[in-house]
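Chains as they are written, first to last, in the numbering used here: chain A, 1 to 161; chain B, 162 to 322. The next block holds one structure in the form of structure tokens; read it before the comments.
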DNA sequence: CTTTTGGTTCTGGAATACACGAACCAATTT
DNA sequence: AAATTGGTTCGTGTATTCCAGAACCAAAAG
């Protein structure tokens, strides 16, 4: 292995760690985050089970569970090649995109809960607070609608989803 | 206590549980989520330490830590009344609002990471995947800018923040 | 200066989340 | 049909999170 190749691998390893913690902080288990990160940076962008395990130096079960989680969320899928029993796992870019969209669409959910609260509070004698609450609800709904609109416009411009 | 009052308390208790799990799922510890929920529904909308503890039937330390977390994040603050040593904790609606804004502004962070990845991948021989990656990056940046714009417009219309 | 009050910090225990290794399973290969 | 391969599931140990209880502390009251 040449010097340049080794350096490249080292850079990749660092990227995986760095992105790994990012995905960790967005809710995945450590190994799960790293698997996703690795599939993002690896070349070619599909790897079989053993390659992933090798790179991450984790147990089979850890990798298996991580891949299960990621495929369940639609973030990862796999391809196969005839005459080769292995699954080659890869980022499912479309799935990822719609998962991102769905997450953003959830911005409005809090607003619904707060509306309930406001209803319950209507008899209350503290209109100042209720007014503040309304402001937050309105902000939520404003954003929710705005984001929905952004997504719709995006989808019009990029129908290939 | 009248029947109606008891029913009301029961409804509040249910709301607190319901919203509690919502906040839990968005990253808070159970008690922390319930404290926030309680401060949202309680009437008047500020309560002293002991009242919160009473209602949630939790330990002093649990309440103390929860309040510390919430005030650190700017979601809760407290008022005092002269001649009364107690702190009356309440939702900090402005802080909450800016925390919501900040969270939304973070939508773009992933895009930065992915740009690094794309840079690293540029020598790679799989342009199809790189193209998909670009699409996601573009979507992220499109949304990020769009959301920023929404927030700016909101702030123009509601300068009182 | 002693006690009470309002609250924080420390320590220990219980529950939970993670990941490992082994057992397992189905589909191939031999 | 025996063995290998590609992968999943189960059971266990460990690290972490979360909360209760006690000790603690500063400010106020007595």
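Note that beta-carbon positions come from the ideal geometry of N, C-alpha and C, so glycine has one too. It should be emphasised that the depicted structure is a prediction, and the values quoted were computed from it without experimental measurement.
Min CB distance residue i to chain A below 8 Å
i, result
"residue 307 of chain B", "yes"
"residue 274 of chain B", "yes"
"residue 166 of chain B", "no"
"residue 282 of chain B", "yes"
"residue 217 of chain B", "no"
"residue 231 of chain B", "no"
"residue 228 of chain B", "no"
"residue 162 of chain B", "no"
Rounded Cβ spacing between residue i and residue j (contact assumed at less than 8 Å)
i, j, result
"residue 209 of chain B", "residue 174 of chain B", "Contact doesn't hold; Cβ gap of about 19 Å is too wide."
"residue 207 of chain B", "residue 240 of chain B", "6 Å"
"residue 31 of chain A", "residue 62 of chain A", "5 Å"
"residue 95 of chain A", "residue 74 of chain A", "3 Å"
"residue 136 of chain A", "residue 254 of chain B", "6 Å"
"residue 97 of chain A", "residue 299 of chain B", "At roughly 11 Å, the Cβ-Cβ gap does not stay under 8 Å, so residue 97 of chain A and residue 299 of chain B are not in contact."
"residue 198 of chain B", "residue 216 of chain B", "The pair is not a contact, with the Cβ atoms about 11 Å apart (cut-off 8 Å)."
Test item: CB-CB of residue i and residue j under 8 Å
i, j, result
"residue 237 of chain B", "residue 251 of chain B", "yes"
"residue 130 of chain A", "residue 124 of chain A", "yes"
"residue 163 of chain A", "residue 20 of chain A", "Outside the displayed range of chain A (1 to 161) lies residue 163 of chain A, so it cannot be described from this structure."
"residue 105 of chain A", "residue 148 of chain A", "yes"
"residue 218 of chain B", "residue 202 of chain B", "no"
"residue 146 of chain A", "residue 311 of chain B", "yes"
"residue 295 of chain B", "residue 279 of chain B", "yes"
"residue 43 of chain A", "residue 283 of chain B", "no"
Test: residue i CB closer than 8 Å to a CB of chain B
i, result
"residue 15 of chain A", "yes"
"residue 155 of chain A", "no"
"residue 124 of chain A", "yes"
"residue 76 of chain A", "no"
"residue 52 of chain A", "no"
"residue 136 of chain A", "yes"
"residue 48 of chain A", "no"
"residue 170 of chain A", "With chain A running from 1 to 161 in the structure shown, residue 170 of chain A is simply not present."
"residue 11 of chain A", "yes"
"residue 24 of chain A", "no"
"residue 132 of chain A", "yes"
Exercise. Listed in chain order, which residues of the segment 187–207 of chain B have Cβ atoms closer than 7 Å to some Cβ of chain A?
Worked result: Cβ contacts with chain A come from 201, 202, 204, 205 and 206.
For this session: Pick out the complete alpha helix (DSSP H) segments inside the segment 87–135 of chain A, 4 residues or longer, and give them in chain order.
Result: Uninterrupted alpha helix (DSSP H) stretches at least 4 residues long and entirely within the segment 87–135 of chain A occur at 93–105 and 109–121, given in chain order.
Exercise. Along the chain, which unbroken stretches of the alpha helix (DSSP H) at least 4 residues long are found entirely within the segment 181–210 of chain B?
Worked result: With a minimum length of 4 residues, the continuous alpha helix (DSSP H) runs that stay inside the segment 181–210 of chain B are 191–202.
Problem set entry | chain A contacts from the segment 240–257 of chain B (Cβ-Cβ distance under 7 Å) | Within the segment 240–257 of chain B, the qualifying residues are 254 and 257.
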